[in-house]
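Each residue of the sequence shown is one higher than the one before, starting from 81 at the first, in this note's numbering.
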Amino acid sequence: MSLVSIIIPTYNRSHTILRAVHSVLNQTYQNFELIIVDDGSIDETEELLKSFDNSKASTRKIIYLKTQNGGVSKARNLGASIACGEWITFLDSDDEWLPEKLSLQLDFLINNPHQLVAYTQEIWIRNGVRVNPRTTHQKYSGQIFDKCIQQCFIAPSSLIIKKSLFSDLNGFDEEFVVCEDYDLWLKISSLYEITLINKALIIKHGGHSDQLSTKFVAMDLWRMRALIRILKIRNLSDSHKACVIESIKQKGEILIKGFLKHGNMDRVSEVESMLLELP
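Spelled out as structure tokens, the structure:
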């Protein structure tokens, strides 16, 4: 059986972290190591998690690691750097997995050895109430780079990826304070297929104030940066290149209107400079 390294980054999530950890421990697939990276929490997280650390045990291994606060990308990458598994998967500390999450993904990957990445459908809970995903969050399978350009529809908590591939891509970009997942999905999907396991196997909890997506405005600025970079680092087909450029222009126009409305001329100049970089 393949060893899977599960990485949970967490920061001041003492109110949700145990739910996430227990959803891992309750997996039907048990050949895993769990690496919990505490990104400098100042709440009760450390007290709750220290009892789980059995890194020296000969059976199922659980590692608790506390670091100085450096952001979710740095925490995920740190966990991946010490991972021993053939596969790496992530779980955000406010999300949870359903019991068959690992087993169903691995069944597919083991039976399709040419596939290196897979993700799943998800259940959305917002402020304690189940909600239906919007049509813009429809999920796709296979060669999905053109879809990834338009929308970040892959939840990090649903992904499993070959460790060697994650390492080759240098993981998540630690300079991205947000949209680091969008950036990585572009880098992966521009080279490889990403398979959808078409079953809801994770529960995403939203609506709380400490979500990164609610703390940052103008997230399309970061998506523009990711798109501009993919133009530089990949030899894209003409159709994909045109799709990327069109998406950058659309996002840029919307951002400029918003920044002008709020009198943020420095940001206007930044976006205009980014648009001038386009071929």
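Each residue gets a CB set at the ideal place from its N, CA and C atoms; glycine is no exception.
Ends of the alpha helix (DSSP H) at Q185? 181-191
Mind checking M31: buried by the 16 CB within 10 Å criterion, or exposed? Since the first residue shown for the chain is 81 and the last is 359, residue 31 is missing from the structure and cannot be characterised.
Helix, strand or coil for A198 per DSSP? strand
Could you have a look at H102 and say whether DSSP puts it in helix, strand or coil? helix
Kindly indicate the opening and closing residues of the beta strand (DSSP E) around A235. No beta strand (DSSP E) contains A235, which DSSP labels as neither H nor E.
From L158, N191, Y272, residue whose alpha carbon lies closest to that of D253: L158
Hey, out of P179, M81, K331, V351, whose CA is closest to W167's CA? M81
Pairing CB atoms from the stretch 118-132 with CB atoms from the stretch 81-94, are three or more of them under 8 Å? yes
Within 10 Å of its beta-carbon, does K279 have 16 or more other beta-carbons around it, so buried, or fewer, so exposed? exposed
Buried or exposed, going by whether 16 or more other CB atoms sit within 10 Å of the CB of C228? buried
Cutoff 7 Å; reference S153; Cβ partners in own chain excluding five residues on either side: F252, D253, E254, F256, E260
CA-CA distance, Y220 and E357? 30 Å
What residue does the beta strand (DSSP E) around G27 start on, and which one ends it? Given that the chain is displayed from residue 81 to residue 359, the structure contains no residue 27 and the question cannot be resolved.
Return the first residue and the last residue of the alpha helix (DSSP H) that G343 is part of. Looking at the DSSP string, G343 is not in any alpha helix (DSSP H), and its letter there is neither H nor E.
Coil, strand or helix - T294 by DSSP: Reliability fails at T294, whose pLDDT of 47 lies under 50, so the model's placement of it is uncertain and the value that follows must be treated cautiously. Three-state DSSP puts T294 in a helix.
Within 10 angstroms of its Cβ, does E361 collect 16 or more other Cβ (buried), or is it exposed? The displayed coordinates of the chain run from 81 to 359. Any statement about residue 361 would go beyond what the structure contains.
Kindly indicate which three-state DSSP category G165 falls into: helix, strand or coil? coil
Below 8 Å on the Cβ atoms is my guess for L335 versus V351; work out the distance and round it to an integer in Å. 5 Å
Specify the secondary structure class of D118 as computed by DSSP and reduced to three states. strand
What's the gap between the Cα of S237 and the Cα of K331? 26 Å
With 16 other CB atoms within 10 Å as the buried threshold, where does R214 fall? exposed
Of the residues A198, G120, I142, the one placed nearest L276, counting alpha carbons only: A198
Taking L114 as the reference, which of G120, S121, A100 has the closest Cα? A100
Boundaries of the alpha helix (DSSP H) in which K243 is found, first to last residue: 243-248
Helix, strand or coil for E113 per DSSP? strand
Which one of S269, N344, D174, L182 has the shortest CA to CA distance from F246? S269
Helix, strand or coil: which one does DSSP assign to S349? helix
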